[in-house]
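Protein chains in written order, with the numbering used here: chain A, 1009 to 1327; chain B, 1009 to 1327; chain C, 4 to 272; chain D, 4 to 272. Think of the CB as a built atom: it goes at the ideal place given N, C-alpha and C, for glycine as much as any other residue. Because the structure is a prediction, the values reported are computed rather than measured. What follows is one structure encoded as C-alpha cells, with my remarks underneath.
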Amino acid sequence: MIKKAKPKVKIDKKAALALEVEIAGLELRNPVMTASGTFGYGSEFAPYTDLEKLGAIIVKGLSLKPRHGNPSPRIVETPCGMLNAIGLQNVGVEAFIKNKLLFLRKLKTPVIANIFGETVDDYRELALRLEDAGGVAALEINISCPNVKKGGIAFGTDPVEAHKVVSAVTSAVRLPVITKLSPNVTDIRVMVRAVQDAGTNAITLINTIPGLVVDVEKRRPMLANVIGGLSGPAIRPIAVRMVWEAKSVAKVPLIGSGGIISANDALEFILAWATAVQVGTANFLDPDAAVKVAVGIAGYCKRHNAAVKSLVGGMKARE
Amino acid sequence: MIKKAKPKVKIDKKAALALEVEIAGLELRNPVMTASGTFGYGSEFAPYTDLEKLGAIIVKGLSLKPRHGNPSPRIVETPCGMLNAIGLQNVGVEAFIKNKLLFLRKLKTPVIANIFGETVDDYRELALRLEDAGGVAALEINISCPNVKKGGIAFGTDPVEAHKVVSAVTSAVRLPVITKLSPNVTDIRVMVRAVQDAGTNAITLINTIPGLVVDVEKRRPMLANVIGGLSGPAIRPIAVRMVWEAKSVAKVPLIGSGGIISANDALEFILAWATAVQVGTANFLDPDAAVKVAVGIAGYCKRHNAAVKSLVGGMKARE
Amino acid sequence: MQSSQAAILHNKKVVDDYFRMRLSWSGMEVRPGQFIMLRVSDGLDPLLRRPFGIYNVIGAKKTTGFSFKRPTGVEILYRVVGKGTAILSSKEPGERINVLGPLGNGWVEPEEARNVIMVAGGVGLAPMLPLAQRLKAGALLFGARHKADTKIVAGFSGLGCKIKIATDDGSRGFKGFVTGLLAKEIKPDSVIYACGPAPMLKAVAVIALASGARCFVSLERTMACGIGVCLGCAVKTGAHKAGYEADGFSMVCSDGPVFDSTDIDWDAL
Amino acid sequence: MQSSQAAILHNKKVVDDYFRMRLSWSGMEVRPGQFIMLRVSDGLDPLLRRPFGIYNVIGAKKTTGFSFKRPTGVEILYRVVGKGTAILSSKEPGERINVLGPLGNGWVEPEEARNVIMVAGGVGLAPMLPLAQRLKAGALLFGARHKADTKIVAGFSGLGCKIKIATDDGSRGFKGFVTGLLAKEIKPDSVIYACGPAPMLKAVAVIALASGARCFVSLERTMACGIGVCLGCAVKTGAHKAGYEADGFSMVCSDGPVFDSTDIDWDAL
Ligand SMILES: Cc1cc2nc3c(=O)[nH]c(=O)nc-3n(C[C@H](O)[C@H](O)[C@H](O)COP(=O)(O)OP(=O)(O)OC[C@H]3O[C@@H](n4cnc5c(N)ncnc54)[C@H](O)[C@@H]3O)c2cc1C
Ligand SMILES: Cc1cc2nc3c(=O)[nH]c(=O)nc-3n(C[C@H](O)[C@H](O)[C@H](O)COP(=O)(O)OP(=O)(O)OC[C@H]3O[C@@H](n4cnc5c(N)ncnc54)[C@H](O)[C@@H]3O)c2cc1C
Ligand SMILES: Cc1cc2nc3c(=O)[nH]c(=O)nc-3n(C[C@H](O)[C@H](O)[C@H](O)COP(=O)(O)O)c2cc1C
Ligand SMILES: Cc1cc2nc3c(=O)[nH]c(=O)nc-3n(C[C@H](O)[C@H](O)[C@H](O)COP(=O)(O)O)c2cc1C
Ligand code: FES
Ligand code: FES
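Next up, the structure:
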C-alpha cells in the first residue's frame, strides 16, 4: 500500500514557540519560507503539503506585464544541482492579483510577492500595485535582472544601481521590503551595505549562480538560453559562506537560500546568521520538503532545548 | 580476483595526433593536465597511473619558504564536491628543486610549477628560482592568495594587483606563464584582460570557490579555517560558464578546471573554448582519473573523426 | 495526486534495455496517458525525479468510463538510457521508491464513432497500453529498432486492437519508419494518438494535418517538478489558444503531456 | 598498492550497526594496521572514498614475519554512521566495489620481549585483529557501549590473547571506560597499541606516558586521497621529528595512521 509521505510529527505548542522568528516586522510561525519560482503561486502545492505549516510563501517572480519566458530547453540537471533559464515567465502582476491572490489571502501563512523589472520605475510600480491590492505581507525584490536602461548590466552586481532600485521601492511603499542578492559579485558585503543604506528591511542570499552545461554529442549548450542559474545542494556551501560574510556588515535580518534539502541544511544557514531560510529546488524533489524542514528544525530545537532565535549566529569559530 | 583498473585501451598513432594541443608554446601530447594541489609532486601517483600518458603535470603550489598550512580539520565533503583549507602547505621551492624535481625531470611529460606568494616580489623570486633550476616547462601563477601588503585582499580579485603580479613574473622569466584565476569576481572578463595585458601566455580557470560548511551538532565550522575552497563536480557548470565568458575577451589559450571527472566533462570545457583542461578532485576518487579522461577524449575524437584542436570552441549556440 | 513511498512489486527485464517495474498504488484514479515521477535515489545524485508514463494499471475496478478506478498497482515500461534509469533497473522487489502522481492530463477520449490509430515509437509505447485497455479497439502501429525490441508489444495482444509493426532494419514487419504504416492506415475521420521521439511525432502531425484526421501527441521534456511550477518543461504552443498557460508556452507536465498536434509549434520543438 | 575493482564476497551484519564485508584481494602483501579506501558509490554523492582498517586477512601464506603474504581476500569491520556506510551495508555479495590500498604504514612490530597490550574502543577494534593474528599473544582491552556490541570481539578468541572487556553501562565486564582496564594492566615495559575515539586515545597516551610504556595509536581523520597528496588528513605532530613530513603536521594516511603517541600534539587533535 502506498502511504502518505506527510510527516505525522506534530509541532507542539512549546516547540512551536521555539520556532517563531521575526523578519522585517513580520512574525513568522517558523523560519521556513518557499523560494520564489520553485513554489508556483502556492495553490499547486495544496494537494501535497500543509501550506499553513510554512513560515511564509514566496510566489513566482512577478513583472508588470505577463512574460512568455525563454525558449526551451529551460532546465538541465547538474551534479547535485540544476540549471534553469526559465526567463522569468509569469502571469504578470494584474493576473496574479486577480486570479492567484484570492486563494493565498485565505491562508494563515504570510505571502511574500517576489518582483522584478527592467527599470527602476518597473520595480516601484510593481510595489505600489501589490501594496494597493492588499493581502501581500511583504515584498522580495529580485535584483539579479538586467537593467535595460544601463546596457543590461544586472542591478544586483552594481551597488549604485542596486541602491537606486531598492530606494525606489522602500520609499514608495510601507510594506516590509526584502532584497534578494545575486551571488555573482566579488564582495557580497558591498552589496549588503548598498541595499541596507537604501532601506531594505531584510536581505535574502543567494539567488542562483550563472552556469553552463554543454551537450557534447550535439556540441551545443543544453539550454536554449546558453547560460542558466545553478541551484540545489551543489551551491549550498557557497550560499552559507555568503550569509556568514554578509553578517559582518549586515544590520538587517538575513534569509538564507541555496541548496536546502533538510533541516540540517537549514540549520547551517541559521547558525551562520540567517534568521530565516528558503527552500527552493527541494520542492521539486518532494512537494512536502519545506514543511519537513520546519518539522526537522522543531526536532532539533527540542533536542537542543533551544529556540530558533537563540540559534541565529550560533556558530562559534574553533578555538 | 582483483583486477587492475587501468584502462587497457591504447591511444593509437593517428588518434594520438588528434589529441595534441599547444599551450603557451608548449606542445602537449594531449590536453589533460593534473590540477595543482591534487597530484602532489607527481611521484605519489606513479604506482597507480602512467605519468607519461598525461598532457602535463602541475605540482602542488610552491612558496619561497616551506609552509606548515592550516590547522586540522582541513577538508570536508559537500554535495558532489569538497571543501579544502589546506593553507597551501608545501615543501618550499628549494626542497622541491632538491628532492622532487629529480624524479619529474626524467619523465617525458612537461612539468608545470604552480607558485604563490604574499607579495609581488615573492612571485618574481619564485619564478626566477624555478627557471634557473631547469626542468620546469612552464609556470602557473596562483593569484587566489591574499596580498599581505594590501591588507590581505586577494591578488586575484583586483585587476590592478593581478596585473602587477603577472607583469612581475612575465618580465622576469622566459618560461611560459599561465595565470590561474579566482572565480570570486563580479566579471571574469575584467580579470582576463588584466592578466593578458600583463603578458600571461595562458589562463587557467577556475580555482576553487569559497564555501562554508557548518557542523550543526557542534555548532561550529567543519573546517578549522572556517572557510574553504569548493571543488569537484558541483562547481563544473560555473567553471564552464566562466571559460565561455572569458573567451569573449581572451586572446591567449584557456585551460579549464573545475569538476572534471570524465572525458565528457573535459569536452564540455573544450567545446566552450578551453584548449586544455585540468583534472583535480577526481584524482582523489581514482588515481588514474586523468589518464582515463585523456583516453576518453581520444575515443570521442575517433568517433567524431575530429582533432581536439578542431573541437576547441566547437559549441554552437542554438539557432 | 500524491507524493508517497511505493513498494516495488517487481522489476524485470523485458528485452535488451527495456524493463517493466510494478509499484503498489493507493487506489487513486488513473487516466490513460497520465504519468508518474520517480525519485530513483534517496541521495542527491541524480537529483531530480524521472518521469515515466503509466504503462499498466493493476486491479482497477471494472468501470465503463475512460479512467481506471481504485487500482492497487501501476506499472511502467522503461528503457535504460542514462544513470537514472540504470539505477532504476538495479532495484529489487520489496524496495521502496518515492512516487509522485498521477500527473498530467492523459489522452483525450475519442468519440465512439471514430477510427482510432495509436502510433508508438520505441518506449513511446508505454502510455498506449492503458489507452488500448480502455478502447479495446482500433489499430496500434509500433515502430522499433529491430525484431527483438518488438517483444515489448506482447502486452497488447488480446486487447482487441490490430497490431502492425515497423522496424528500422526490417527484421520484423514493415521495413522503415512507423509513419510509413500510418500513411496507409489513416482516414479523414481517424483519431490518432502518438507517442515517441520528436521527429516521429512531427511526421505524424504532418500526415494527420494533410489527411484531416485529429491527432493527439504525448510529448517529452526534461522535467523538474512535474506539477507546473518550475516552468521548465515548456513547449511552444499556438498563439490561438486563450489564457495564460498558452500565451506562447505550455507546460508538458501540467498542460500535457498530451496535446492536440495542431497546438504545437513543431518548428520550435 | 593498487586501485582496482574487487568482488564483494560477503557483507553481513555482526550486531546492531556493525557489519563485516569480505573483498577479493589480488595477493598484494598486507601489514597489520594498514587500511583501504572504498568508493561506496559509482555516482557522485557521496563523492569521496571512505577509509576502513583491514580487519581480517584471508588465505595468506603462512609466514613468520610481521606481514601477510599473498592474501586472496581482506575483510573490514565497519559501523554504519552516515550515508557512505549505509550504502556500504546495502551491498550484496557479487557486486564489485573499487578499492584503493593497502594504504598507510601499519603497526610497528614490537620487540619480542615486550608485554603487548591492545586497547580498542568500538569499531577501533578493526585494525587489532591482524595484529593479534600475527602476535598470538598479549592482552586485548576492548571498550564498548553495551553487551551486544561486545559480540564483535568474538573473532579474537583462540588467537592466544587475553581479552578484557569494559562497557559503558556495565552490561558486560568492567563498567566504565576501557582506560580503567588499562590502568590496571599497564607495566613500564608494556607496548601499547590503541585505536578508538580521540578522547580514548588521548587518555591512553597519558596513561602510557605516566607509566613509561611505549604507545602506538592509530588515528582517524577525514580523508580525500589516502595517499598523502591532498594534505587534508593532517594532524599536528611534535616539532622534534626531522624532515618535511613532520614540520608541524603529519598526514594520517601516509605518515600514519599509526603514530608513536608521543609524536602527537594531543591538544590540537
Ligand atoms: C511525460 C514523460 C513520460 C515519459 N515516459 C517514459 C516511459 O514511459 N518510459 C521511458 O523509458 N521513458 C519515459 N520518459 C523518458 C524518461 O523520463 C527519461 O528516459 C529518463 O528521465 C532518463 O533518465 P536517465 O537518468 O536514465 O537519463 P539521463 O542520464 O538524465 O539522460 C540520458 C539521456 O536521456 C535524455 N533524457 C533525459 N531526461 C529526459 C526526459 N525527461 N525526456 C526525454 N529524454 C530525456 C538525455 O538528454 C540523455 O540523452 C518520459 C518522459 C516524459 C517527460
Ligand atoms: C584510517 C582510518 C581507518 C578507519 N577504519 C574504520 C574501520 O575499520 N571501521 C569503521 O567502521 N570505520 C573506520 N573509519 C571511519 C570511517 O572511515 C567513517 O566512519 C566513514 O568514512 C563514515 O562515512 P559515512 O559516509 O558513513 O559518514 P558521513 O556521512 O561522512 O559522516 C557521518 C559521521 O561520521 C563522521 N566521519 C566521517 N568521516 C569520518 C572519518 N574519515 N573518520 C572519522 N569519522 C568520520 C562524521 O563527522 C559524521 O559524524 C576509519 C577512518 C580512518 C581515517
Ligand atoms: C526553476 C527556478 C525558478 C526560479 N525563479 C525565481 C524567480 O522568479 N525569482 C527569484 O527571485 N528567484 C528565482 N529562483 C531562485 C530561487 O528562488 C532560489 O533563490 C535558488 O533556486 C536557490 O535556492 P535552492 O538551491 O534552494 O533552489 C528560481 C529558481 C529555480 C530553480
Ligand atoms: C586539496 C586541494 C588542494 C589544492 N591546492 C592548490 C594549490 O596549491 N594551488 C592551486 O593553484 N590550486 C590548488 N587547488 C585547486 C585545484 O588545482 C583546482 O583548480 C580546483 O580544485 C578545481 O578543480 P577540481 O574541481 O577538478 O578539483 C587545490 C584543490 C584541492 C581540492
Ligand atoms: S516540470 Fe516543472 S513545470 Fe513542468
Ligand atoms: S587523505 Fe589526502 S593526504 Fe591524507
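Residue 1085/A: contacting residues in chain G (beta-carbon distance under 7 Å): Of the protein chains in the structure, A, B, C and D, none is chain G.
Integer-rounded CB distance, given that residue 1203/B should sit under 8 Å from residue 1171/B: 7 Å
Residue interval of the beta strand (DSSP E) (run including residue 1258/B): Segment: none, residue 1258/B is in no beta strand (DSSP E) and carries neither H nor E.
Residues of the stretch 1273-1295 of chain A whose Cβ lies closer than 8 Å to any Cβ of chain C, in chain order: 1289, 1291, 1292, 1293, 1294, 1295
Own chain residues within Cβ distance below 8 Å of residue 1016/B, not counting five before or after: At residue 1016/B the pLDDT is 48, less than 50, meaning the model places this residue with poor confidence; the figure from the coordinates comes in the next sentence. No residues qualify anywhere along the chain.
Sequence-distant residues of its chain with Cβ nearer than 8 Å to residue 1207/B (five each side left out): 1174, 1175, 1178, 1179, 1185
Residue 160/D, buried or exposed, once every other Cβ within 10 Å from all chains shown has been counted against 16: exposed
Nearest by alpha-carbon distance to residue 185/C: which of 164/C, 121/C, 172/C, 153/C is it? 121/C
Measuring alpha carbon to alpha carbon, tell me which of 39/D, 213/D, 181/D ends up nearest residue 79/D. 39/D
Should residue 38/C be listed as close to ligand 1, given that the test is whether its C-beta is under 7 Å from any heavy atom? yes
Is it the case that the Cβ atoms of residue 1297/A and residue 1269/A are separated by a distance below 8 Å? yes
Please tell me whether, using a cut-off of 7 Å, the distance from the CB of residue 257/C to the nearest non-hydrogen atom of ligand 5 is below it. yes
Give a yes or no on whether 8 Å exceeds the smallest Cβ distance from residue 245/C to chain A. Its pLDDT being 46, under 50, residue 245/C is placed unreliably by the model, and nothing is read from it.
What is the DSSP secondary structure of residue 1181/A, counted as helix, strand or coil? coil
If we ignore side chains and look at the alpha-carbon of each, how far apart do residue 246/C and residue 271/C end up? Low per-residue confidence applies at residue 246/C: pLDDT is 46, beneath 50, and the placement is therefore not dependable enough to give any value.
Closer than 8 Å to chain B by CB, residue 982/A: In this structure chain A extends from 1009 to 1327, so residue 982/A is not present and cannot be described.
Between which two residues does the alpha helix (DSSP H) harbouring residue 1199/B extend? 1196-1205
Whole-angstrom Cβ separation of residue 133/D and residue 35/D, contact assumed at under 8 Å? 4 Å
If I measure Cβ to Cβ from residue 66/D and keep anything under 7 Å in the same chain, skipping five residues before and after, which residues do I get? 72
Tell whether a beta-carbon distance below 8 Å holds between residue 1070/B and residue 1100/B. yes
Beta-carbon neighbours of residue 1192/A, restricted to chain B and to distances below 7 Å: 1194
Please find out if some non-hydrogen atom of ligand 4 comes closer than 7 Å to the beta-carbon of residue 1204/B. no
Can you check which of these residues, 212/C, 64/C, 55/C, is closest to residue 193/C by C-alpha distance? 212/C
Given a cut-off of 8 Å on the beta-carbon distance, is the pair residue 1221/A and residue 1046/A in contact? no
Closer than 8 Å to chain A by CB, residue 1235/B: yes
Mind checking whether residue 1027/B and residue 1117/B have CB atoms under 8 Å apart? no
Between residue 1165/B and chain A, is any beta-carbon pair separated by less than 8 Å? yes
Please classify residue 120/C: does DSSP put it in a helix, a strand, or coil? strand
Per DSSP, what kind of secondary structure is residue 265/C in: helix, strand or coil? helix
Taking a contact to mean a Cβ-Cβ separation below 8 Å, would you say residue 10/D touches residue 27/D in this structure? yes
Boundaries (first-last residue) of the beta strand (DSSP E) holding residue 278/D: Outside the modelled stretch of chain D, which goes from 4 to 272, sits residue 278/D, for which no answer is possible.
Residue 1156/B, buried or exposed, once every other Cβ within 10 Å from all chains shown has been counted against 16: exposed
List the whole-angstrom C-beta distance separating residue 165/C from residue 142/C, where the pair is believed to meet the contact cut-off of C-beta under 8 Å. 4 Å
Here's the rule: buried if 16 or more other CB atoms are within 10 angstroms of the residue's CB, otherwise exposed. What is residue 1182/B? exposed
Answer yes or no: does any C-beta atom of chain A fall closer than 8 Å to that of residue 1132/B? no
Within 10 Å of its beta-carbon, does residue 1168/B have 16 or more other beta-carbons around it, so buried, or fewer, so exposed? exposed
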